[in-house]
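Enquirer: Residue numbers (the UniProt record's numbering), protein chains in the order written: chain G, 1 to 338; chain W, 1 to 338.
Where is the CB? At the ideal position from N, CA and C, for every residue including glycine.
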DNA sequence: TTGAAAGCGCTAACAT
DNA sequence: ATGTTAGCGCTTTCAA
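(1) Give the secondary structure of residue 346(G) by DSSP, where H, G and I count as helix, E and B as strand, and everything else as coil.
(2) Straight-line CA distance for residue 90(G) to residue 167(W)?
(3) Give me the residue from 67(G), 8(G), 68(G) with the minimum Cα distance to residue 43(G).
(4) Taking only beta carbons into account, state which residues of the region 82 to 93 of chain W come closer than 7 Å to chain G, listed in chain order.
(5) Please work out which residues of its chain come closer than 8 Å, Cβ to Cβ, to residue 45(G), disregarding the five sequence neighbours upstream and downstream, and give them in chain order.
(6) Using 8 Å for Cβ pairs, my map puts residue 189(W) next to residue 221(W). What's the rounded Cβ distance?
(7) Given a cut-off of 8 Å, decide if residue 299(W) and residue 151(W) are closer than it, judged by their beta-carbon atoms.
(8) So if DSSP puts residue 274(G) in a beta bridge, which residue, or which two residues, is it bridged to?
(9) For residue 258(G), does the count of other Cβ atoms within 10 angstroms reach 16, so buried, or fall short, so exposed?
(10) Against residue 51(W), what residues of chain G qualify as contacts under a CB-to-CB distance less than 8 Å, listed in chain order?
(11) To the nearest angstrom, how far is it from the Cα of residue 116(G) to the Cα of residue 135(G)?
(12) Quick one: which chain W residues come within Cβ less than 9 Å of residue 24(G)?
(13) Please report the distance separating the alpha-carbon of residue 122(G) from that of residue 214(G).
(14) Tell me which residues of the region 131 to 143 of chain W have at least one Cβ-Cβ distance to chain G shorter than 7 Å, keeping chain order.
(15) Measure the C-alpha to C-alpha separation of residue 326(G) and residue 243(W) and round it to an integer number of angstroms.
(16) Can you tell me whether DSSP reads residue 160(W) as helix, strand or coil?
(17) Which residues of chain G have a Cβ atom closer than 8 Å to the Cβ of residue 113(W), listed in chain order?
(18) Name the chain G residues whose beta carbon is nearer than 9 Å to that of residue 284(W)?
(19) Buried or exposed: where does residue 271(W) fall if 16 or more other Cβ atoms within 10 Å of its Cβ makes it buried?
(20) Which stretch, first to last residue, makes up the alpha helix (DSSP H) that contains residue 101(W)?
(21) Show which residues of chain G have a CB atom less than 7 Å away from the CB atom of residue 80(W).
(22) Along the region 260 to 279 of chain G, what residues have a CB closer than 9 Å to any CB found in chain W?
(23) Apart from the five residues just before and just after residue 17(G), which ones in its own chain have a Cβ nearer than 7 Å to its Cβ?
(24) With a floor of 4 residues, list each alpha helix (DSSP H) that falls wholly inside the UniProt domain "HTH lacI-type" (4 to 58) of chain W, ordered by position along the chain.
(25) Where does residue 175(W) sit, in a helix, a strand or coil, going by DSSP?
(26) Using the C-alpha atoms, what's the distance from residue 93(W) back to residue 64(G)?
(27) Determine the chain G residues that contact residue 254(W) at a beta-carbon separation under 8 Å, and present them in chain order.
(28) Taking the straight line between their C-alpha atoms, what separation do you get for residue 323(W) and residue 275(W)?
(29) In chain order, what residues of the same chain have a beta carbon less than 7 Å from the beta carbon of residue 295(W), not counting five sequence neighbours either side?
(30) Residue 98(G) and residue 98(W): beta carbons closer than 8 Å?
(31) Name the DSSP bridge partner or partners of residue 237(W)?
(32) Roughly how many whole angstroms lie between the Cα atoms of residue 205(W) and residue 118(G)?
(33) When you compare the CB positions of residue 160(W) and residue 146(W), do they come within less than 8 Å of one another, or not?
(34) Should residue 220(G) be flagged as near chain W, meaning a C-beta pair shorter than 8 Å?
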C-alpha cells in the first residue's frame, strides 16, 4: 500500500541501507551476490527511488529535469522544438517539464519560479518579458538558461534563433526577382522581436533594390488569422493594389491565403510566408514559404544547455540557424507586365 | 552565489525557521509585522522554496506536478490535448511534465517509472503497451492515472476517448447517403486501438446498409503519409475502383488527398477523414472530416485526474467524447450514376 | 566489501 | 504568536 523506501528494500534484503543505495546507483565495490539480492528485493517491492530525496544531500543537487517555457505547447513551431529537445534530453535520462507562456509577460516570471521551486537543472525559454535581467541571479547560482526563438534582453546567455532578417530578405528578394515592386508586408504583433526582425529584413531588401517607399504597404500588429484576412482584403482594395504579399508569420499567411481566395486573386497575387504551413504544398496554389529549422533549433538549444551543465563557462552567445526558401508556386507568380 | 534556504531567510529576518515556513506557506497565526519582515528577507535573498524538500515530510507528499505521456508532443492531436490539460493544471498551480512515447511500448514503462521517481501526483497516459496491469500497484499506492485517447487493458481506471466507433459510422453513413457503395477504408496500424475501433464503426455501418462485402476494400497498417498514398493509388487502380474513401487517420488522409490529386481524381472521388487536418478548409476540394474535440478531451482528462486527487474513489470509467462531422466539400461528392 | 551516523531543506508535532 | 525537535528518503562521511 505505502510506497516502499530504500530502507524497506534494505530490510527485505537483510542488508544495510547504504548497500542498497550503492546497488541502485550502480556504485562500485558491491559483490555480485549482494547486488543480485538487493535487486531482487527492490523488484519484489516494485521500488522506485525518489530522485529529489536523493538530490537533497548529493553534492551536485541535480534532479535530471529541465524546464521548457514556450509560447504555446500547442503551437506547431514550439511543439516541434519541444520534441527535438526531448530527444536530446531523453538520451541523458533527463525529463522535460513544459509550460506555455501564451505571450503573457507575467507568466514568464511565474513559470520560471515554478521551475526553480521544483529545482530543475536548467531552463530553455522563449523570452516574453521586455527584459530578462531578473534571471542574472539564477545564472550566478549555477542555473543554466538557454533562450530559443528570440534573444534575451539585459542578460548575456546562449540563444538559438532563426535568421529572421536574412530569411525575410530572401523572401523579399525572391519576389523582387519576379518583377514585383508594389509589395505589401503583413506582420504580426510588433512587440514580438521576431516580427520586428522580419520587417527589418524586408525593408533592408527593398531598400537595396531601390524600391520607392510609395510602392510599399507595411501593416503590423496582426494578431490572428481574422485580422490578417481583413488587412489583406483592405490592402488589395488600395489603388493601385500590390502585386505581391510577404506575410511574416504562420497565422498571418493563412489569413492572407483565405482572403485572396475569397477575392479570386490567389492565382494572380504572389505570396511568400515566413514559417512553414502544414499541408502548404497541397493548397491551390501551393504556398511558397521561408521555413524554419525547428528540429535544428531544438536540438541545438538542448545541446547548449547540456554543454553548460557539463561545465562550459564560455560567454553566452547567439546561435543563428539558417532558414530555407521552399518554392511551391504562390511565390513564383510573376508581376504582371506594366 | 549559493541558493538560499529557509534557514538563511530565518537568520536574515532574525526569526525561527518555522515562522518563515508559516509565512511562505500562508499559514495562520502570524502577526502582520512578522509576516512582512519575513517576506522582505525572502525577497532580498530571492528565496524560492524547494517544493520537493517540503513534500518529503508533509503528510500528503504532494509535489504539485503531474506527468503526461502521449504519442508525441509534436503531434497536433497530442499537443492540443496537452495545452488543454495544462490550462486546468495551471489553475491549481500544478506543473506538467510531458514526454513522447513514440508508439514504442518499451517507452511507456520507462517513462512511467521516470515520472514516479520524480514523485508526480498523478499521470495522464496514452496507453501504448498491450497491457496496463503493471500499473495496478501504483493505483493501490494512491497514484491516480487517467488514460487519454485509448482505453487501458487489464486495469480499471478513468479513460477519456473520442467516440471512434460512432464517428467512423457517421462518416460512413455520410458517404452512403450520397449514394456511394464501393467504398475503400484506409486505416493506420491495426495494433493501435483507435484504428481498430474506427474500422469497426465503418464495418458496422456498411453492414447495416447491406452493402455487399465485394464492394468494399479494407486496407490497414498504413503507418505514414507515403504508405497511405501508395495504398490509395493501388486501390484506385482496382476494377471497378471505389467511388469514395474513408481514411481513418490524419496522415493517412493527407496521403490519400495527395494521391487523388496526382491521379486527377480529387474532384471525382469522395473523401472523408477521421481527425481534423490543419487548413483542411483551404484545400481543393476542402476536406470533409470527423473532428475530435481535443480541448474537451484534455480538459476532461485533467478534471478527472484532479477529482481523484481530491478524493474521488468511485470506480474508474470511460468517458466518451463525441466527434463532429465537418462538411467541407470532399465528402459531399456524390456517387456517379450507375 | 559493508554499514552506522549525520545531515540535505523542509514540515509535523509539540513546546513555550 | 513564535520556536524547538524530530524525521521525511536519501547520500555523504567515516568507521569496521
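Expert: From the atom records:
(1) Residue 346(G) lies beyond the stretch modelled for chain G, which goes from 1 to 338, so this question has no answer here.
(2) One C-alpha to the other measures close to 36 Å.
(3) Nearest neighbour of residue 43(G) by Cα position, chosen from 67(G), 8(G), 68(G), turns out to be 8(G).
(4) Under the 7 Å Cβ criterion, the region 82 to 93 of chain W contributes 82, 83, 86.
(5) Short of 8 Å from the beta carbon of residue 45(G), and not among the five residues preceding or following it, lie these beta carbons of its own chain, in chain order: 4, 8, 9, 12.
(6) Contact flag correct, Cβ pair sits at about 6 Å.
(7) Taking 8 Å as the Cβ cut-off, residue 151(W) and residue 299(W) do not qualify as a contacting pair.
(8) Here residue 274(G) is bridged, per DSSP, to 290(G).
(9) Classification of residue 258(G): buried, given that the 10 Å Cβ count is 16 or more.
(10) The contacting residues are 117, 118, 119.
(11) Their backbone Cα atoms lie some 11 Å apart in a straight line.
(12) Result: empty, since nearest Cβ-Cβ is about 11 Å, beyond 9 Å.
(13) Looking at the two C-alpha atoms, the distance is approximately 49 Å.
(14) Residues 137, 140, 141.
(15) Residue 326(G) and residue 243(W) have their alpha carbons spaced roughly 34 Å apart.
(16) The answer is strand: DSSP assigns residue 160(W) an E or B state.
(17) Correct list: 48.
(18) At a beta-carbon threshold of 9 Å, the residues of chain G lying near residue 284(W) are 282, 283, 284, ordered along the chain.
(19) Flag for residue 271(W) reads buried.
(20) Where residue 101(W) is concerned, there is no enclosing alpha helix (DSSP H), given that its DSSP letter is neither H nor E.
(21) By Cβ distance, chain G contributes 74.
(22) Hits within the stretch, in order: 261, 277, 278, 279.
(23) Only 6, 7, 10 meet the Cβ criterion.
(24) Whole alpha helix (DSSP H) segments, 4+ residues: 6 to 13, 17 to 24, 32 to 45, 51 to 57.
(25) In the three-state reduction of the DSSP assignment, residue 175(W) falls in the helix class.
(26) If you take the alpha carbons of residue 64(G) and residue 93(W), they lie about 21 Å apart.
(27) Residues of chain G whose Cβ lies closer than 8 Å to the Cβ of residue 254(W) are, in chain order, 279, 282.
(28) Their backbone Cα atoms lie some 9 Å apart in a straight line.
(29) Around residue 295(W): 80, 84.
(30) Pairing residue 98(G) with residue 98(W) gives a Cβ-Cβ distance under 8 Å.
(31) Answer is none; residue 237(W) lacks a bridge partner.
(32) Between residue 205(W) and residue 118(G), the C-alpha separation is close to 51 Å.
(33) Cβ atoms of residue 160(W) and residue 146(W): closer than 8 Å.
(34) In terms of beta-carbon proximity, residue 220(G) stays away from the interface with chain W, with every pair separated by 8 Å or more.
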